[in-house]
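Numbering (the UniProt record's numbering), first residue to last: 1 to 369. The structure appears right after this line, and notes come after that.
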């Protein structure tokens, strides 16, 4: 089945709510597949790469030559990085091709990946912006999210100024302690430093988190200091996680070799569904947890669910980030977990996305070159 059209577009969610980056691939039989790229700066760089360098190559190609097409495009654009915008572009293409293949064969993507171990997946509430809040404000936001979403775990994120390290270590520990007190000793908690500490600062915070019974400590130091990340991981007892800013399998391998034991690549940055399945194999081979970072509540989320359903030893919930409700007027499923805090795996062909075409067109901003 030949590809006849590749469209790139942003979707604006409203004032101050940002833009998502999508690609639509159409075939000669009229089937379409939808993919999503990383939304950093609206995903504009990735969409431009697709429009200028990938779409002309893809038109006329066979959808089922999926792996050959991806590897060809990777090496065609390799001098762009290859990390970042180029790999996010490939992720969007990959997800769209899987969506198409599922529709072509009349099967949900997870069936094409080998089947699901589970069709319902618990969520964890990923609560951002805490660098700028007081202790009381952090507790208030966390308690509100827990009451609304019934998550299996909570991760508190800092989202601070990445040009500064160790800004307020006593204050950070105080916030972590207050959340533990509010939710009780048995509640599963994670702490995302968003690259906010030096090695020494990370050790100090990490020891406090161990005493407080936190389960994981995410990106304590700058992501590009792989050896430093590994040093912190090996010196602390708490599980140190990293990988949301890792874009290649080689980069993931380097993190694991450094000592990181929970890896968090993002499906819209790291090769899409194909890339995340490869990450799952590497994690399994090395005995580390795969807990993908994933903050996009539409196509990226559905793609992530399909992959996670296939992982035998999945032992962490699925990320539910801030602003999840923003896609409710366009994508109808599943924009929120159910009353028990569970996401349910779509069973329709492809990704199983259901959306309002008229609303999608109204919010779309075409990207072309």
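Positions of the beta carbon are idealized from the N, C-alpha and C atoms, including for glycine. Everything numeric in this text was worked out from a predicted model, so none of it was measured.
Q) Which parts of the segment 250 to 301 are runs of the beta strand (DSSP E), unbroken and 3 residues or longer, counting only runs that do not cross its ends? A) Counting only runs of 3 or more, we get nothing.
(Q) So, at 7 Å on beta carbons, what are the nonlocal neighbours of residue 316 in its own chain, with the 5 sequence-adjacent residues on each side left out? (A) Result list for residue 316: 289, 291, in chain order.
**Q.** Validate contact between the segment 87 to 101 and the segment 122 to 141 using beta carbons, cut 8 Å, 3 pairs
**A.** Contact fails: fewer than three Cβ-Cβ distances are below 8 Å.
Q: Check each candidate in 242, 46, 147, 32 and name the one with the smallest Cα separation from residue 82.
A: For residue 82, the closest of 242, 46, 147, 32 by C-alpha to C-alpha distance is 46.
**Q.** Buried versus exposed call for residue 298 [16 or more other C-beta atoms within 10 Å across all chains shown]
**A.** Residue 298 comes out buried.
Q.
If you follow the beta strand (DSSP E) that residue 190 is in, where does it begin and where does it stop?
A. That run of the beta strand (DSSP E) goes 188 to 192.
Q.
I'd like to confirm the pairing. Which residues does DSSP put opposite residue 101 in its beta bridges?
A. In DSSP, residue 101 forms no bridge with anything.
Q) According to the neighbour-count rule (16 or more other Cβ atoms, all chains shown, within 10 Å of its Cβ), is residue 262 buried or exposed? A) When all chains shown are included, residue 262 counts as buried.
Q) Taking the alpha-carbon positions, what's the residue 85 to residue 219 distance? A) C-alpha separation (whole angstroms): 21 Å.
Q: Please name the residue, chosen from 39, 17, 108, 92, that lies closest to residue 6 on a Cα-to-Cα basis.
A: For residue 6, the closest of 39, 17, 108, 92 by C-alpha to C-alpha distance is 92.
Q: Quick one: grab the DSSP three-state call for residue 19.
A: In the three-state reduction of the DSSP assignment, residue 19 falls in the strand class.
Q) Taking contact to mean at least 3 C-beta pairs separated by less than 8 Å, is the segment 36 to 45 in contact with the segment 266 to 283? A) Output reads yes: the segment 266 to 283 touches the segment 36 to 45.
**Q.** 4-residue-minimum alpha helix (DSSP H) runs that sit fully inside the segment 74 to 120, ordered along the chain
**A.** Entirely contained in the segment 74 to 120, the alpha helix (DSSP H) runs reaching 4 residues are, in chain order, 85 to 105, 109 to 112.
Q.
Less than 6 Å between C-beta atoms, sequence neighbours within five positions excluded: which residues of the same chain meet that for residue 119?
A. The residues 345, in chain order, have a CB closer than 6 Å to that of residue 119 in the same chain once the five nearest residues on each side in sequence are set aside.
**Q.** Beta-carbon proximity list for residue 61, same chain, < 8 Å, skipping 5 on both sides
**A.** Once the five neighbours on either side are set aside, the close Cβ partners of residue 61 are 2, 3, 69.
Q. Mind checking residue 175: buried by the 16 CB within 10 Å criterion, or exposed?
A. That one is buried.
Q: Assess, as a yes-or-no matter, whether the segment 131 to 146 is touched by the segment 103 to 121 under the definition of 3 or more beta carbon pairs within less than 8 Å.
A: Short answer: they don't touch.
Q) Over what stretch of residues does the beta strand (DSSP E) that includes residue 241 continue unbroken? A) Taken as a continuous stretch (DSSP letters only), the beta strand (DSSP E) holding residue 241 covers 239 to 242.
Q: Determine the direct distance from the alpha carbon of residue 44 to that of residue 165, and round the result to whole angstroms.
A: Rounded to whole angstroms, the gap between the alpha carbons of residue 165 and residue 44 is 29 Å.
Q. What does DSSP give as the partner residues of residue 154 in its beta bridges?
A. DSSP, once it has assigned bridges, lists 125, 189 as partnering residue 154.
Q) Closest by CA to residue 109, which one among 273, 139, 205, 41? A) Selected option, being the one with the closest Cα: 273.
Q. Taking the alpha carbon of residue 250 as the point to measure from, which residue in 87, 63, 67 has its own alpha carbon closest?
A. Closest by C-alpha distance to residue 250, out of 87, 63, 67, is 87.
Q: Hey, could you find the ends of the beta strand (DSSP E) residue 34 is sitting in?
A: Looking at the DSSP string, the run of the beta strand (DSSP E) that includes residue 34 is 32 to 37.
Q | Rounded C-alpha distance that separates residue 186 from residue 8 | A | The straight-line gap from Cα to Cα measures roughly 46 Å.
Q. Residue 66 by DSSP, collapsed to three states: which one?
A. Of the three classes helix, strand and coil, the one that applies to residue 66 here is helix, per DSSP.
Q: Indicate whether the contact test is met: 3 or more Cβ pairs, each with one atom in the segment 221 to 236 and one in the segment 193 to 207, closer than 8 Å.
A: With contact defined as three or more Cβ pairs closer than 8 Å, the segment 221 to 236 and the segment 193 to 207 are in contact.
**Q.** Close Cβ partners of residue 209 (< 7 Å) along its chain, the five nearest in sequence each way excluded
**A.** So the qualifying residues of the chain are 176, 191, 217, 238.
**Q.** Nearest-angstrom beta carbon gap, residue 213 and residue 169 [assumed within contact, 8 Å]
**A.** At roughly 19 Å, the Cβ-Cβ gap does not stay under 8 Å, so residue 169 and residue 213 are not in contact.
Q | Cβ-Cβ separation, residue 233 to residue 259 (assumed contact under 8 Å), whole Å | A | Between the beta-carbon of residue 259 and that of residue 233 there is about 4 Å, and that keeps the pair under the 8 Å contact cut.
Q: On the DSSP bridge assignment, give the partners of residue 2 in chain order.
A: For residue 2, which the question treats as bridged, DSSP gives the partners 62.
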